[in-house]
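Presented below is the structure to which this report refers.
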Amino acid sequence: MSQIPVPPPNWWSRNWKWFVPTLVVTGMALIAAFVLAIMSFVFGMMKSSEPYQTGLSRARADAAVVAALGEPITPGYFVQGNIDGSAASGEANLAIPLKGSRGAATLYVEANKRAGEWQYETLVVALDGGQRIDLRDKDDDAGEFGR
Numbered sequence: 000m001s002q003i004p005v006p007p008p009n010w011w012s013r014n015w016k017w018f019v020p021t022l023v024v025t026g027m028a029l030i031a032a033f034v035l036a037i038m039s040f041v042f043g044m045m046k047s048s049e050p051y052q053t054g055l056s057r058a059r060a061d062a063a064v065v066a067a068l069g070e071p072i073t074p075g076y077f078v079q080g081n082i083d084g085s086a087a088s089g090e091a092n093l094a095i096p097l098k099g100s101r102g103a104a105t106l107y108v109e110a111n112k113r114a115g116e117w118q119y120e121t122l123v124v125a126l127d128g129g130q131r132i133d134l135r136d137k138d139d140d141a142g143e144f145g146r
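The sequence shown runs 0 to 146 under numbering that gives the first Met the number 0.
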């Protein structure tokens, strides 16, 4: 009587030891890439907003800020806060980290948009030493909105 030959192992039993870790690492990499893409999109939207651009340009143009931080003044990647609104109205509350050759600071921007125009309630650079530099113009007074 002849013995029945043992069938060769199937693909899964031969390859599971490398396939499972590869699948887990690939899944984690895809999730991390998705989260990174969402964060980049959100930060990109915040950085392209008018309150962000106005605050950054005023900080770079202000002599006291340049003297305290040095040049070039570069914004940090992680902007904190929120921007809500539409074409006619909205609100922005941002904390933008700034770094220069001599130091670091945080730019605070609080603005309200009425009739399509941004009015800045707060536009202040807070230096690491505690000093605050107000960047608002006289025209930026938000008192007309009932503050």
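Backbone N, C-alpha and C fix where the C-beta goes; we use that ideal spot for every residue, glycine too.
Three-state secondary structure (DSSP) of residue i
| i | result |
| --- | --- |
| N9 | coil |
| A86 | coil |
| Q52 | helix |
| D133 | strand |
| P96 | strand |
| G26 | helix |
| G115 | coil |
| S47 | coil |
| I37 | helix |
| P20 | helix |
Residue(s) in a DSSP beta bridge with residue i
| i | result |
| --- | --- |
| E109 | N92, T121 |
| T73 | K98 |
| A104 | L97, L126 |
| N81 | N92 |
Sub-8 Å separation of residue i and residue j beta-carbons
| i | j | result |
| --- | --- | --- |
| L134 | D61 | yes |
| N92 | E109 | yes |
| V123 | R131 | yes |
| I72 | R57 | no |
| A104 | D136 | no |
| I82 | G75 | no |
| V78 | F42 | yes |
Cβ-Cβ separation, residue j to residue i (assumed contact under 8 Å), whole Å
| i | j | result |
| --- | --- | --- |
| G54 | I95 | 6 Å |
For the pair the segment 58-78 and the segment 93-108, tell me if three or more CB-CB distances fall below 8 Å.
Taking 8 Å as the limit for Cβ pairs, the verdict is that the segment 93-108 does touch the segment 58-78.
Could you tell me whether the segment 43-51 touches the segment 5-22, using the rule of 3 or more Cβ pairs below 8 Å?
Pairwise C-beta distances place the segment 43-51 out of contact with the segment 5-22, as fewer than three of them are shorter than 8 Å.
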